[in-house]
Amino acid sequence: MTGKNGHDDALLRAVRRMPQDIAPRRDLWSGIEAAITAAPSGVASLDAARAKKAWTSRLSWPYALAAGVGCMALGALLTFGLLRGQAPISQQATNLPAPTAPLEQQAAVRYSDANFGGYEALGPEYEQARAQLAIGLAQRLDRLPPEAQQKVERNLAEIRRSLREINLALALDPDSTLLQQLLLSTYQSELAMLANVNQMAGEIPARSET
Amino acid sequence: MTVESQPSADEQNEWLARARLGDTRAFERIYREHSGKVYGLCLRLTRDPATAEDCTQETFISAWRNLPGFEGRSALGTWLHRIAVNAALARSRKGSLEIVPQPAGEDEDTPYEGQAADETPPMDLEAAVGSLPEGARHVLVLYGIYGYTHEEAAGMLGIAVGTCKAQLHRARRLLRERLDA
Chain A
978 MTGKNGHDDA LLRAVRRMPQ DIAPRRDLWS GIEAAITAAP SGVASLDAAR
1028 AKKAWTSRLS WPYALAAGVG CMALGALLTF GLLRGQAPIS QQATNLPAPT
1078 APLEQQAAVR YSDANFGGYE ALGPEYEQAR AQLAIGLAQR LDRLPPEAQQ
1128 KVERNLAEIR RSLREINLAL ALDPDSTLLQ QLLLSTYQSE LAMLANVNQM
1178 AGEIPARSET
Chain B
374 MTVESQPSAD EQNEWLARAR LGDTRAFERI YREHSGKVYG LCLRLTRDPA
424 TAEDCTQETF ISAWRNLPGF EGRSALGTWL HRIAVNAALA RSRKGSLEIV
474 PQPAGEDEDT PYEGQAADET PPMDLEAAVG SLPEGARHVL VLYGIYGYTH
524 EEAAGMLGIA VGTCKAQLHR ARRLLRERLD A
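If you read the protein sequences in the order shown, they are chains A and B.
Residues 978 to 1187 in this note's numbering are what the first sequence lists, from first letter to last.
Residues 374 to 554 in this note's numbering are what the second sequence lists, from first letter to last.
Right under this line is the structure:
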C-alpha cells in the first residue's frame, strides 16, 4: 500500500514506538505513602472528618459552599494583588532578575517546601488529608447536581490558581511573611472545601458505583 | 527514571498479595514498577505535569484502597491505567483543568530504555500528539502509545467503539497534517 495509507501506517508505527514510561519530575511516593499509611487497603470510608468543618447549612449547602469558597479565593487573590501591585505576577516576574531555577519549577513549591514562619506548620497530616479528600471528591462529585458540580470545580480551580500564583510570588520573594500567611490560608481553604464537599456529597446516595 | 530488570509475574503477584495484606513496602514496589507508565499516561491525557502528578498520586492511593476488589481478571497495569484514565477524565471533563504549556524538554530529558531509533524525531511527534484535540488525543494515546484495543480504549474513556475508531481516524489525519506542515 502506498500514498496516504502507507504514510498513516508509518505514522502509527512511530506512535507505537513512543515511550510509555515518563518519569515524574519528583518522587510522588512520599505523598502516596503518607495517604495510605493512615488508610489500610480496602478501607472504603474516607477520613474526611479529621479536617471537616460544619459551617454551611444542609439546605442550600452546594451553593453556600461554592459561594463561600469563591469568596475565599477572591479574597486571597485581592489580597495578593494588593501585596504585589496591579500587574499580574507573571508579568512582574518577567521584570525581575532571572532566578537560579525556572520560575515554573520554583512556583511548584509545595507546602512542605514553603516556609510559613512561626504561624503554623502543615505536616504530613495535611498532605495525607488532602490526597484522601481529593480522591473522595473525584469519586463523589457526580452525586451533586450538575450546577453544583460546576461551581465546586470552578471554585476549586480558582483556589488552585491562587496557590500557583502565590507560590510563584514566594519563589521570587521567599521571605515575605504576608505571602506565607496568604499561602497557608489558601491551602487551608482548599482543604476545608475538599472536606466539606466530601462530607456532604457522602450524604447523598450514589447514582451508580463503578 | 531508573529502569531495573523486569520483575517476574511471580514477583509482581507476591507484591500484590503482600500489599493486599497491608504491606506498604510491597505496594511501593508496585508503584516503582508502574509509576512511569501511569504518569506518562496521565501527562499525555492532561498535558499538565502538575495535574499529571496529582492524577498519578490519586491513582495509586485509589488502587491501594481498592486492592481487595482487584480480582486479577485484567493485568495490574491495565487496572492502574483504568484508574488513571478515570482520574484524568474527572479533571478534564468538568472543564476545571487549566492547560499549562509544558516547558520544552522538561519531560523528555529522561531517556527511555528500549526506545528504538525512529525516523520521526520523538520530540516532534510528542509535541504533535500533545497538540491534538482532547478526544482524538485520548484515543491515540490509549490505542497508539499504550496499545489498547478499540474496545478497551472505548471502555476506559466511556465512549462507543465507533466513536473511538472515528477519533483515531481524526487523530491520524490531524497528526499527519501537523507533522507535514
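We treat Cβ as the ideally placed atom computed from N, Cα and C, and that holds for glycine.
Within 10 angstroms of its Cβ, does residue 1123 (chain A) collect 16 or more other Cβ (buried), or is it exposed? exposed
Looking at the secondary structure, which residues open and close the alpha helix (DSSP H) in which residue 498 (chain B) lies? 495-503
Output the distance between the C-alpha atoms of residue 507 (chain B) and residue 418 (chain B), rounded to the nearest integer angstrom. 8 Å
So which residues on chain A does residue 422 (chain B) lean against when the C-beta distance must stay under 7 Å? 1002
Using the beta-carbon count (16 or more within 10 Å), is residue 421 (chain B) buried or exposed? buried
Can you look up residue 1112 (chain A) in the DSSP assignment and give me helix, strand or coil? helix
Who are the neighbours of residue 388 (chain B) on chain A, taking C-beta pairs under 8 Å? Within 8 Å Cβ-Cβ: nothing; residue 388 (chain B) doesn't reach chain A, min ~12 Å.
Just confirm the distance between the C-beta atoms of residue 509 (chain B) and residue 543 (chain B), as a whole number of angstroms; I'd bet it's less than 8 Å. 5 Å
Is there at least one Cβ from chain B nearer than 7 Å to residue 1117 (chain A)'s Cβ? no
Candidates B:550, B:551, B:439 and B:381, of which the one nearest residue 1013 (chain A) by Cα: B:439
Alpha helix (DSSP H) segment containing residue 529 (chain B), residue limits: 523-530
Let me know if residue 1142 (chain A) comes out buried or exposed under the rule of 16 or more other beta-carbons within 10 Å of its beta-carbon. buried
For residue 1135 (chain A) and residue 1129 (chain A), I'd like the C-alpha separation in whole angstroms. 10 Å
What's the C-alpha gap between residue 520 (chain B) and residue 1161 (chain A)? 43 Å
One question on the structure: do residue 995 (chain A) and residue 403 (chain B) come within less than 7 Å of each other, judged by their Cβ atoms? no
Buried or exposed by the 16-neighbour rule on C-beta atoms within 10 Å, applied to residue 409 (chain B): buried
CA nearest to the CA of residue 541 (chain B), picked from B:512, B:534 and B:381: B:512
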